[in-house]
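Peer 1:
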Amino acid sequence: MAQARKGKLNYRCPNCFRRDIDMDMFYDEAKKEYYCIRCCFHGTEAQVKAMNEVTKEKYGRRYDRVVDFGADNGEIKYKKHKKGTL
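Here our numbering is used: the first residue of the sequence shown is 233, the next is one more, and so on.
1) Nearest to lysine 315 by CA position, among Tyr295, Phe301, Phe258, Glu307, is which residue?
2) In whole angstroms, give me the CA-to-CA distance for lysine 312 and glutamate 261.
3) Is it buried or exposed for tyrosine 291, if we count other Cβ within 10 angstroms and need 16 for buried?
4) Give me the Cα-Cα distance between asparagine 284 and arginine 270, rounded to the nearest whole angstrom.
5) Out of Lys309, Lys288, Ala282, state which residue places its alpha-carbon closest to the alpha-carbon of arginine 250.
What follows is the structure in C-alpha cells.
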C-alpha cells in the first residue's frame with residue numbers, strides 16, 4: 233500500500249501483515265500510538281517495530297533454495313538462489 237501523504241513514516245500493521253494483508257497503520261497523536269482500522273491492533277512505535285522484526289522471520293529464507301531435505305528430523309540443506317537461474 234503506498235503512503236498517501238508525506239510526513240511521518242507509515243508502518244504496516246504486524247497482525248494484518250502476518251496474514252498477508254498489506255494494511256497501513258494510522259498514528260494517534262493524543263495517545264502517541266499507532267492503530268489499525270482493520271484488526272483493532274494498537275501499540276507504540278517500539279512495539280510495532282518489534283512485532284515487524286518477528287514477522288520478518290517468515291520471509292527470512294526467501295532467497296534460499298532447498299538442496300536436500302535429509303533424513304527424518306535431519307538437517308535441511310540450502311543454497312543461495314542466483315537471480316535469473318533455476
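Glycine included, C-beta positions come from ideal geometry on N, C-alpha and C.
Peer 2: Quick look at the numbers:
1) The shortest Cα separation from lysine 315 among Tyr295, Phe301, Phe258, Glu307 belongs to Tyr295.
2) Their backbone Cα atoms lie some 44 Å apart in a straight line.
3) It counts as exposed.
4) Each residue's alpha carbon lies about 17 Å from the other.
5) Ranking Lys309, Lys288, Ala282 by Cα distance to arginine 250 puts Lys288 first.
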